[in-house]
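Q:
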DNA sequence: ACGCGTTATATTCAGTTGGAATATAATCGG
DNA sequence: CCGATTATATTCCAACTGAATATAACGCGT
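Protein chains in written order, with the numbering used here: chain D, 1 to 320; chain R, 321 to 640.
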């Protein structure tokens, strides 16, 4: 049996030499009144996670099991984020593969057995909330420290490259802020040693107030991946409704989108888009709890998931 | 140690009970003169694949190793597709997790040690090529068989649901063909037992001419995942250039995009888009090999990868 | 009862984009 | 020199999107 044939053999008779542990990690998101929140295990300062076991029917069901066991939170919508293997643990007897998921749910469940914690994701990423304009932490803290980092090299090319990357990621030099770059921003701050994870064990120059709450291992990085995915996906799939109560006003819907994106949208334009896509339908009722004129109540039209599939249109693909 | 704490413990001291094998599977795509081609191991009728081993520095490097060993093909661009675990092999001693990747490369390498084969992906999915209009196989074969399948149930709701899903996936009833639904179409045909994989061991009603070449296990499904991902991604990231030679004409670029999407685009509109995005730059030279007026030769402006990040705009996010 | 603040809802307008069609240019082969 | 063929440039219009403005309906305090 040559190497090629050995390669394409599936599973089966192999020795234990190449066995790995597969960890399932969940980014569980639900809405607060003012911010998206992520579910954590406070004692471990970690996302809910656990090993994939033989008793699990599938990866997803294994994930649901661990999250429910650790936090009491049942999960609805789930999607896979990414699979990592290159952890820092080299030379160990067995390796760990991490399969991460994004879950969208409601915060209505009572806390589980282990005192799970819902934390605003802007506690972990203070620089990501631009709903009230560019946050001071970006202009006053991160910008100068990133410039310092860029200048901390002798190589002129590297310096320019660092400046450019920082400018793109954070919208410096009159560039636009792009909310989808959450992962790039975290990785840039990591590289510049401005987040605590990058300097563990060493001297910690990063204070929480500037660089946000950290997590164990690469969990904050996984959270950044989930945020970026969600911010991207709300633009072409109606996933926001997974985070909404069954009945809501259009402004509540708008506030949720804004909280996720970390930036504001224009009300008339937002309503136009929602209506012309026929994503919602009126319940016929109104609520006066909003302060001014009573607002119509809407519900998500689940039928759109059947009727339509939203296609991108960035290339001039002739239709019809 | 309670269950929760056990859950969040990372790797380490666990017994071998929950160990798994991790397989790496590659969808390697390169352009032919007229179609995108996928790299296979003909003897196994399979995609290149192999187990993730302790000697591998990372998942990606493991994948590169197996593909090069099995096919002689070095890989450039790689992105992760999906991680599966729920294979049909239940009850086995150890389970297999499959981590699939999409790779874009050039076909210029000589065949590897094992006679690897480049096959047009439309050999595997004859219904996906709409460059010359809707293929006959869709109208004459798949449509009636799908209707038969839809009618093959007593439940009226199920019947309507099947009809609707088929109409959405294949663009029946005056709906538009959506090239990004390659995976949904394959899964629908699988459910309707119109592809060979669905009826293995049983009576095979599906002929290759209608339902395309099959592969072992779920490899054709993984290929469909790769096609769908690529068709989606060319619309918002300049990945086409991974498949182009260093120098090319705009029509060659257009033909490549059309081959990937399986549908035609308008020439002036295509050029306008390419130019206004500044994706290419003139080499200053021309080629007369195209038949009529000599065409300008272009090269990809790698700088755009640094300058810009393309963001979607499906929600009315206020900018500035 | 009335005005005012507040929120909801509707309309308008202009700049941009994108699909589609048409026009002009340059080469080759007869 | 003509016409077939491909390349390149221009035009037109409908749809979309950002931005601003106008009107409606409630609570509240006076």
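Glycine included, each C-beta is placed from N, C-alpha and C at the ideal position. What you are looking at is a predicted structure, and each value in this text was computed from that prediction instead of being measured.
Quick one: does residue 624 of chain R have its CB under 8 Å from some CB of chain D?
A: no
Q: Determine the direct distance from the alpha carbon of residue 484 of chain R to that of residue 306 of chain D, and round the result to whole angstroms.
A: 8 Å
Q: Taking buried to mean at least 16 other C-beta atoms within 10 Å of its own C-beta, is residue 664 of chain R buried or exposed?
A: Examination of residue 664 of chain R is not possible in this model, given that chain R is present from 321 through 640 alone.
Q: Which partner residues of residue 405 of chain R appear in the DSSP bridge assignment?
A: The beta-bridge partner set that DSSP reports for residue 405 of chain R is empty.
Q: State whether the stretch 554-565 of chain R contacts the stretch 384-391 of chain R, with contact taken as three or more CB pairs (one from each stretch) at a distance under 8 Å.
A: no
Q: What is the DSSP secondary structure of residue 12 of chain D, reduced to helix, strand or coil?
A: Low per-residue confidence applies at residue 12 of chain D: pLDDT is 39, beneath 50, and the placement is therefore not dependable enough to give any value.
Q: Buried or exposed: where does residue 176 of chain D fall if 16 or more other Cβ atoms within 10 Å of its Cβ makes it buried?
A: Residue 176 of chain D is classed as exposed because its beta carbon has fewer than 16 other beta carbons within 10 Å across all chains shown.
Q: Just mark residue 48 of chain D as buried or exposed, buried being the case when its beta carbon has 16 or more other beta carbons within 10 Å.
A: buried
Q: Assign residue 602 of chain R to buried or exposed, taking buried as 16 or more other Cβ atoms, counted over all protein chains shown, within 10 Å of its Cβ.
A: exposed
Q: Quick one: give me the first and last residue of the alpha helix (DSSP H) that residue 490 of chain R is part of.
A: That run of the alpha helix (DSSP H) goes 476-490.
Q: In terms of DSSP beta bridges, what is residue 118 of chain D paired with?
A: D/39
Q: What residues from chain R crowd round residue 242 of chain D, counting only those whose CB sits closer than 8 Å?
A: Ordered by position in chain R, no residue passes the 8 Å Cβ test against residue 242 of chain D, which lies about 16 Å from the chain.
Q: Taking C-alpha atoms, which residue in D/119, D/105, D/299 and D/56 lies nearest to residue 34 of chain D?
A: D/119
Q: Name the one or two DSSP bridge partners that residue 453 of chain R has.
A: R/451
Q: Assuming residue 254 of chain D is part of the alpha helix (DSSP H), what are its boundary residues?
A: 250-261
Q: For residue 415 of chain R, which residues does DSSP report across the bridge?
A: Answer is R/340.
Q: For a test of the three-state rule: what should DSSP assign to residue 101 of chain D, helix, strand or coil?
A: strand
Q: Checking contacts by CB at 8 Å: is residue 53 of chain D closer than that to chain R?
A: yes
Q: Strictly below 7 Å CB to CB, what residues from chain R border residue 73 of chain D?
A: Within 7 Å Cβ-Cβ: nothing; residue 73 of chain D doesn't reach chain R, min ~13 Å.
Q: Which of helix, strand or coil does DSSP assign to residue 617 of chain R?
A: Reduced to three states, the DSSP call for residue 617 of chain R is strand.
Q: With a CB to CB cut of under 8 Å and the five nearest residues on each side skipped, what residues in its chain are close to residue 577 of chain R?
A: Counting only Cβ-Cβ distances below 8 Å, and skipping sequence neighbours, we find 554, 560, 585 and 590.
Q: Have a look at D/155, D/151 and D/147 and flag the residue whose alpha-carbon is nearest the alpha-carbon of residue 167 of chain D.
A: D/147
Q: With distance defined between alpha-carbon atoms, name the residue in D/186, D/54 and D/291 nearest to residue 126 of chain D.
A: D/186
Q: Pull up the distance between the alpha-carbon of residue 78 of chain D and that of residue 60 of chain D, whole angstroms please.
A: 8 Å
Q: Could you check if residue 121 of chain D is buried or exposed, using at least 16 other CB atoms within 10 Å of its CB as the buried criterion?
A: Counting other Cβ atoms within 10 Å of its Cβ, residue 121 of chain D reaches 16 or more and is therefore classed as buried.
Q: Exposed or buried, residue 268 of chain D, counting other C-beta atoms within 10 Å across all chains shown (16 or more means buried)?
A: exposed
Q: Does residue 291 of chain D pass the burial test, meaning 16 or more other C-beta atoms within 10 Å, or should it be called exposed?
A: exposed
Q: I need the straight-line Cα distance from residue 604 of chain R to residue 80 of chain D, nearest angstrom please.
A: 46 Å
Q: Identify the continuous beta strand (DSSP E) that holds residue 371 of chain R and give its terminal residues.
A: 369-371 is the span of the beta strand (DSSP E), which, as asked, contains residue 371 of chain R.
Q: Roughly how many angstroms lie between the CA atoms of residue 425 of chain R and residue 39 of chain D, to the nearest whole one?
A: In this structure, the straight-line span from the alpha carbon of residue 425 of chain R to that of residue 39 of chain D is close to 41 Å.
Q: Given that a residue counts as buried once 16 or more other Cβ atoms are within 10 Å of its Cβ, and exposed if not, what is residue 296 of chain D?
A: exposed
Q: How would you list, in chain order, the residues of chain D whose beta-carbon sits under 7 Å from the beta-carbon of residue 419 of chain R?
A: When 7 Å is used as the limit between beta carbons, residue 419 of chain R is near these residues of chain D: 83, in chain order.
Q: Write down the C-beta distance between residue 212 of chain D and residue 124 of chain D rounded to the nearest angstrom, noting that I regard them as a contact closer than 8 Å.
A: 5 Å
Q: Beta-carbon separation of residue 83 of chain D and residue 403 of chain R under 8 Å?
A: yes
Q: Cα separation between residue 101 of chain D and residue 27 of chain D?
A: Roughly 6 Å separates the two Cα atoms.
Q: What distance in whole Å lies between the Cβ atoms of residue 29 of chain D and residue 183 of chain D, which are believed to be in contact at a cut-off of 8 Å?
A: Their Cβ separation, rounded to whole angstroms, is 15 Å, which puts residue 183 of chain D and residue 29 of chain D out of contact at 8 Å.
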